[in-house]
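Participant: Numbering (UniProt numbering), first residue to last: 1 to 422. Please read through the structure below; I'll follow up with questions.
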């Protein structure tokens, strides 16, 4: 089973002892280069958001601003109390000259890559994180495996298993904050986020300089800088993520330009067959849970940048659509597509059951000492529970993805509500 691990690594210790990953060292190394920093006078919970999509919901509650600052000013000012500031970037995307030197200063980072995915996927990369004391990375999950190294300062992680996702009230996929929790995990507003009352207690871990943490893809984590902080992490492609992405990539036998009632009936039939085949609750129950978890807390602020009449985003109408079939012609295509999806989920289950800790074996002759954060096996999610959690997230993605494609983001919520009523 996959679960978080504390790692004792000579590489991580070397980075923290080198003196090259402190705020002052980075201020000197990056100098006059400019960095895009999130900051806020009030909010200390930060999250990076999707930008530039035409079919995305408006982010009405963002209290942070993005400022372009000289790197020397940002890093030298990390000890200030206000404003809260937060920065992250792939190291190789920093200043061209400095990034080359910084990659050399992160000696051996390739040894921290995980080995779960087949060759040919997204190559691993090194990410830099820095922020003022009390700055938080809002509870979220990544779809990459993650080895996180604390270089300077101290950070606290709150860790939740993937099965806690529904209780986290994650933002909808069409929202800029997708994969992030709406609630404040330290002090949840149970009137607004009632499912948080059933959240399992988090595993708390504090990372000091030289400590390293392995986080599997889909594991939920909320991170707080207890002091001014500099961290590095290595993201690696996840075999589970790749398997979960296959059913999402299948082109459905439905088109946004077809008559509205045909789209509605076709999507409901497709999803009903899929949920039945997966042994999940009926469509009305699954969609009701999705709306209660992701959409209901946003009812007072959800809006959209797009407003197509009753279809998806305009760029999907550029090609001439196929002629709309009759229902008798469409239904066999829906059944065939559902069967293909079920095969993909069967493969996902196999990948999850076969997954082991990708760092269990030496990588590039680099040995790790690993300490499980959850020592009681009874508290660990077994492979089938882990699969069910990833399956449920994938199904939620699929429902929202197809709804946006067929009806547009602005109409997605009303169309989901219609599924419950019919």
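Using N, Cα and C, we set each Cβ at its ideal position, and we do this for glycine too.
1) Work out the CA separation of residue 402 and residue 326 for me, nearest whole Å.
2) Can you name the residues that DSSP bridges to residue 125?
3) Have a look at residue 278 and residue 415 and give me their C-alpha separation to the nearest angstrom.
4) Closer than 6 Å by C-beta to residue 210: which residues in its own chain qualify, once you throw out the five before and the five after it? Chain order, please.
5) Any contact between the region 393 to 400 and the region 259 to 266? By contact I mean 3 or more CB pairs, one from each, below 8 Å.
6) Could you work out which residue in 74, 136, 127, 227 is closest to residue 147 when comparing CA atoms only?
7) Whole angstroms are fine: how far does the CA of residue 182 sit from the CA of residue 285?
8) Among the candidates 107, 143, 84, 215, whose CA atom is the shortest distance from the CA of residue 91?
9) Taking the C-alpha atoms as reference points, what is the distance between residue 93 and residue 99?
10) Below 8 Å, can you find three or more Cβ-Cβ pairs linking the region 140 to 159 to the region 211 to 223?
11) If I'm right that residue 130 touches residue 180 with Cβ under 8 Å, what's the distance once you round it to whole angstroms?
12) Who are the Cβ neighbours of residue 340 in its own chain at under 7 Å, not counting the five residues just before and after it?
13) In angstroms, rounded to a whole number, what distance separates the CA positions of residue 296 and residue 196?
14) Tell me which same chain residues have a C-beta within less than 8 Å of the C-beta of residue 390, skipping the five on either side of it?
15) So who's on the other strand from residue 156, going by DSSP bridges?
16) Which residues in the same chain have their Cβ closer than 6 Å to the Cβ of residue 27, if we skip the five residues on either side of it in sequence?
17) Rounded to the nearest angstrom, what separates residue 65 and residue 172 at their Cα positions?
18) Using the three-state DSSP reduction, which class does residue 402 fall into: helix, strand or coil?
19) Using only CA atoms, which one of 384, 293, 335 lies nearest to residue 191?
20) Which of helix, strand or coil does DSSP assign to residue 107?
21) In terms of DSSP beta bridges, what is residue 38 paired with?
22) What do you get for residue 68, buried or exposed, if any count of 16 or more other CB atoms within 10 angstroms of its CB means buried?
23) Going by DSSP in three states, residue 257 sits in which element: helix, strand or coil?
24) Just the Cα atoms here: how many angstroms apart are residue 253 and residue 384?
25) Starting from residue 74, trace the alpha helix (DSSP H) in both directions and tell me its first and last residue.
26) Does DSSP put residue 136 in a helix, a strand or coil?
27) Rounded to the nearest angstrom, what separates residue 332 and residue 270 at their Cα positions?
28) On the criterion of 16 or more Cβ atoms from any shown chain inside 10 Å, does residue 22 qualify as buried, or is it exposed?
29) How would you write the range of the beta strand (DSSP E) that residue 212 sits in, first residue to last?
30) Does DSSP put residue 328 in a helix, a strand or coil?
31) Only counting the same chain, and skipping five residues up and downstream in sequence, which positions put a Cβ closer than 8 Å to that of residue 198?
Facilitator: With the given structure in hand:
1) 20 Å
2) 235
3) 23 Å
4) 12, 13, 16
5) no
6) If we check each option's Cα against that of residue 147, 127 comes out closest.
7) 22 Å
8) 107
9) Answer to the nearest angstrom: the Cα atoms are 7 Å apart.
10) With a cut-off of 8 Å, the region 211 to 223 and the region 140 to 159 count as touching, because enough Cβ pairs lie within range.
11) In this structure residue 130 is not in contact with residue 180, their Cβ atoms being roughly 20 Å apart against a cut-off of 8 Å.
12) 250
13) Whole-angstrom Cα-Cα distance: 14 Å.
14) 162, 218, 240, 244, 348, 352
15) 206, 224.
16) Around residue 27: 72, 75, 76.
17) Using only the alpha carbons, I get a separation of about 22 Å.
18) helix
19) 293
20) Residue 107 falls in the coil class under three-state DSSP.
21) 66, 86
22) exposed
23) coil
24) 30 Å
25) 71 to 76
26) strand
27) 10 Å
28) The residue in question, residue 22, is buried, as its Cβ has 16 or more Cβ neighbours within 10 Å.
29) 212 to 215 is the span of the beta strand (DSSP E), which, as asked, contains residue 212.
30) helix
31) 167.
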